[in-house]
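Numbering (the numbering used here), first residue to last: 921 to 1376.
Remarks on the structure that follows.
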Amino acid sequence: MTTIISKIFYGTLIHSLSLTELEFIHNALLGVDNRGKIAFLERNVSNEQTLRDIIKKWEATEDKVVRLTNQQFLLPGFVDTHMHASQYPNAGIGMDLPLIDWLNKYTFPLEQSFSSVKFAEKIYPTVVSHLLRCGTTTAVYYATIHLESTKFLAKVVQQKGQRGFIGKVNMDCNSPETYVETIESSVKDTVQFVDYVLNLKNDPPDVSSLVTPIITPRFAICCSSELLNALGEVAKKYEIPIQSHLSENTTEIAIVNQLFPQHEDYTTVYDHHNLLNHRTIMAHGIHLSSQELKLIKKRNAGISHCPNSNFTLCSGVCNVRQLLDEGIKVGLGTDVSGGFSKSILDSIRNASIASRVVYLSSNTSDKVYPHLTLPELTYLATMGGAQLVNLENVIGNFIVGKEFDALLIDPEVEGSPMQMFDEIDTIDRIFEKFMFLGDERNIKAVFVRGRKVSGI
């Protein structure tokens, strides 16, 4: 079958080849086919004749070529591996409380509002649009316990063209009286939601859906052992991902130990209920023992590092270097609204700061943990997230055959927070400035599976 080229980009590409290897490809010519996959990538195309020859070879036309300026570049789309869509209206609120108090005062009351689908219809389209505008091409969402509102979120994500993992939250105990499920209703609604998402019609219909259901016990505190067992069985039956919270806060850990005294630790609670495997994303993982780290690695589960909320809720500082040294998969999450920012750029910056806090603290101990470097931070925001959602062979960088999830970055856009100086600012300096100074104004266009879903 002849490959039909729908778009060609000519300019600088920047992506991760590994945790420590960040590649800059200058004068690159990247072709995207009509199924949204990267059809070809030519390097060092430095003259017009070569460019025309390649276009002709692929039976494309000049009007399909997007020419980047010398300061613009393409970057793989960001992957937010932990985000509470239902909490978006609370972003920036309640930053003075620890986790459990924050949940009871701000979070649970807001989430109860999603018993009304009309309320969800006011909130969820804004959430998805704003995340896309910030460059989040893939998001792992928590919704609420409400089936119909969660269905609506899945529908919105699909319609707006984002790659999404959507979870109907499960909680049957230790919850507000007005915001709790029975085991039977929780499992029944979860199965209905999974079936709904798996049967969503896709456009075009002959490619895999961008939306995936994800089993979502809120955390062990709010779920009985019976419910956790049932959710583990559903995840196994449908072979779908799992997400929850793990070791975010010392008070939380103490409560889990009281509720599940028969298990050695918090991580073992999930493992005992068949909720810890290669498709599992655990948010936070700040206070993990060496035994828990070994178990997570053995099960090939991953950690979503959410430094913004870890700081704001005073939960602690995650030692990401230790996780990486243990060979554990790590991605970044915004954790809205525990985290106040919807942008993965904020997560990148706070992850950098958190790693420096760990480094400074480790100077007084026997073990020193070097802070995260720019290549490592870039990897966590793209390929690291792709690994957590088991899409590392589909997205995350610009390898031929992968799907084109990408951001077109423009440092010179009007109102840019970045200042460029032609005499000294080479593309590597411009890239670093974007990562630490840029914002959504610099994201000129956002592409998911080759389709522009945000921008001009």
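Heads up, the beta-carbon is just placed ideally off N, CA and C, and yes, glycines get one too.
Here the structure is a predicted model, which means the values were calculated and not measured.
In the structure shown, the three-state DSSP call for Val1256 is coil. Between the segment 1104-1113 and the segment 1060-1069 there are three or more inter-stretch CB-CB distances shorter than 8 Å, so the stretches are counted as touching. According to the DSSP assignment, Glu1184 belongs to no alpha helix (DSSP H), since it is labelled neither H nor E. Approximately 17 Å separates the beta-carbon atoms of Thr1001 and Ser1235; this is outside 8 Å, ruling out the contact. Positions of the beta strand (DSSP E) runs, each at least 3 residues long and wholly inside the segment 1288-1343, are given as 1326-1329 in order along the chain. Shown here for Phe1034: same chain residues with a beta carbon closer than 6 Å to its own, the five before and five after excluded, namely Ser1006, Ala1040, Thr1064, His1066, Ser1069 in chain order. Proximity to Tyr1186 across Leu1195, Ser1167, Met1202, Thr1171 peaks at Ser1167, based on C-alpha coordinates. The C-beta separation of Arg963 from Ile945 comes to about 6 Å, placing the pair in contact by the 8 Å criterion. The continuous stretches of beta strand (DSSP E) do not include Ile1043, which lies in the alpha helix (DSSP H) extending over residues 1037-1053. DSSP places Val1277 inside the alpha helix (DSSP H), whose first and last residues are 1264-1282. Exclusion of the five residues before and after Ser1095 leaves Cys1142 as the residues of its chain whose Cβ lies within less than 6 Å of its Cβ. In terms of Cβ geometry, Ser1164 and Cys1093 do not form a close pair [threshold 8 Å].
By the neighbour-count definition (other C-beta atoms within 10 Å, threshold 16), Glu943 is an exposed residue.
Judged by beta-carbon spacing, Lys1025 lies within the 8 Å limit of Gly1014, meaning their Cβ atoms are closer than that value. Counting only the Cα atoms, Val1111 lies some 11 Å from Leu1118. Ser1281 is classed as exposed because its beta carbon has fewer than 16 other beta carbons within 10 Å across all chains shown.
By a beta-carbon distance limit of 8 Å, Lys1262 contacts His1050. Their separation comes to about 6 Å. Counting along the chain, Ser1229 sits inside the alpha helix (DSSP H) bounded by residues 1227-1232.
Its Cα nearest to that of Leu939, the residue Asp1245 stands out among Val1060, Thr1170, Asp1245.
According to the DSSP assignment, Ile925 belongs to the beta strand (DSSP E) that extends over 925-936.
Judged by DSSP secondary structure, Arg1371 falls within the beta strand (DSSP E) whose first and last residues are 1371-1375.
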